[in-house]
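For reference, the structure discussed in these notes is given below.
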Amino acid sequence: MNGIDPPASVAVATAPVATAEAGVTVSAALDSWITNSEKDVVSAAEAMPEEKYSFAPTAGEFAGARTFAQQVKHLAANNYRMAARILGQPATPDQEAETGPDTARSKSEILEYLRGSFVSLHTSAATITTENAVRPVFRARVGTIRQNTRVQFAVDAVAHSYDHYGQMVEYLRMNGIVPPASRP
Amino acid sequence: MKTMNLLVIFLYALAGNCFSQSPRAEVHRSNTQIIDFILDFQEKQLVDVAEAMPAKKYGFAPSGGQFNGVRTFAEQLKHIASDNYLLGAGILEEKPPRDPGLKERGPNSFKQKPRSSLTSKTPSRTCIARRPPSMMRSALFGLQTSHPGLKARQRVWVLPLKTAFIPGTITGNWRNTCA
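Here the protein sequences come in this chain order: A and B. Numbered by our numbering, the letters in the first sequence go through residues 1 to 184 in order. Numbered by our numbering, the letters in the second sequence go through residues 185 to 363 in order.
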């Protein structure tokens, strides 16, 4: 686990005031995980040589799997999308498609796009409060169960980032590279 | 006729506005419901993956490339489940109901010989293989039951503290499943 205090060391507040004194807010709790995922993902993206950005596994059952570059752009596009959702704003078409822009092609361009996605997430997460965390952001369609709250959007971004981070790790290791976050 | 058409259009617009602002559409879900929504999603993804892997492949770990020391499939699942127990217990401020094992590896007891009902040429591996999915379900159930417990104690306002555990659980699941 990263950055989690052992349960026994977490002092449980007995009143809202005490929670505030502990300095733990919803946005801080979520942002700490955005930061964790950012460190792992960005360091992994940096570790892959540019000539390997077009790599995709072939052995086993990898038909149609994304290339490394597409993994990174897909991850980043969803980050932008969730950041927009948290703010109640529309995402761009390439963010909705979760492909990222065609203009981001080189490693440096993709890294810039990736880093920017986490900047957007940090900015959006900072607006999450105890009061609005579980309040619906958009007008819900009756009968739907889709996620529609700020905390869900933030968790989606982090969980999705780690989903694709795991795949990036496999791609790195297949190319003989130990992910920076896993090095001793 | 033109006036009638305009009236119909107006009523349609009014009705649409009223329906879109109906209280039902604005119902807020509780913290517990939202966390359960996320956990249900995680549970389905993980348990489906655990069940999809044949028992004989639970000892698989990639080779080639740079995979020295990575967990086997079984070890991945036990690690995830162990973390879930720890975090679920953390939410409740209780001891984990199951042995998290050294370094969150899960209990060593899963290496014991299988029950007689299991038939396999490699019984110990089969036993290990069959336990993680059930452990996973149990671990995730433990997490889900943590949240109603939180609500019952009227500590929903502790959400900022608890969210530090919850995303950790979820991202841990994703990361360790795939990484």
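Ideal placement from N, C-alpha and C gives every residue a C-beta, glycine not left out. None of the values given here were measured: they were computed from a predicted structure.
Taking DSSP's pairing of strands, which residues face residue i in a bridge?
i, result
"P136 (chain A)", "A:T149"
Any Cβ of chain B within less than 8 Å of the Cβ of residue i?
i, result
"I110 (chain A)", "no"
"T149 (chain A)", "yes"
"A70 (chain A)", "The displayed chain sequence assigns Gln, not Ala, to residue 70 (chain A). So, not an interface residue."
"R183 (chain A)", "no"
"G176 (chain A)", "yes"
"V134 (chain A)", "yes"
"Q95 (chain A)", "no"
Below 6 Å CB to CB, which residues in the same chain sit around residue i once its five sequence neighbours on both sides are set aside?
i, result
"S120 (chain A)", "Y80, A83"
"D40 (chain A)", "Y165, A181"
"E50 (chain A)", "K107"
Can you list, in chain order, the residues of its chain with a C-beta nearer than 8 Å to that of residue i? Leave out the 5 residues immediately preceding and following it.
i, result
"R289 (chain B)", "E259, K262, H263, S266"
"A47 (chain A)", "L172, I177, P179, P180"
"E170 (chain A)", "P57"
Taking buried to mean at least 16 other C-beta atoms within 10 Å of its own C-beta, is residue i buried or exposed?
i, result
"A76 (chain A)", "buried"
"E112 (chain A)", "exposed"
"N252 (chain B)", "exposed"
"S27 (chain A)", "buried"
"R139 (chain A)", "exposed"
"R146 (chain A)", "exposed"
Does the distance from the CB of residue i to the CB of residue j come in under 8 Å?
i, j, result
"G100 (chain A)", "D94 (chain A)", "yes"
"A157 (chain A)", "N78 (chain A)", "yes"
"D31 (chain A)", "A133 (chain A)", "no"
"I86 (chain A)", "A154 (chain A)", "yes"
"V42 (chain A)", "L114 (chain A)", "yes"
"K73 (chain A)", "A104 (chain A)", "yes"
"L270 (chain B)", "P280 (chain B)", "yes"
"F55 (chain A)", "M168 (chain A)", "no"
Please report whether the beta-carbon of residue i lies at a distance below 8 Å from any beta-carbon of chain A.
i, result
"Q250 (chain B)", "yes"
"R255 (chain B)", "no"
"F244 (chain B)", "no"
"I264 (chain B)", "no"
"R289 (chain B)", "no"
"N268 (chain B)", "no"
Taking 7 Å as the limit between beta carbons, can you name the residues of its chain near residue i, skipping five residues before and five after?
i, result
"P136 (chain A)", "N148, T149"
"W33 (chain A)", "V158"
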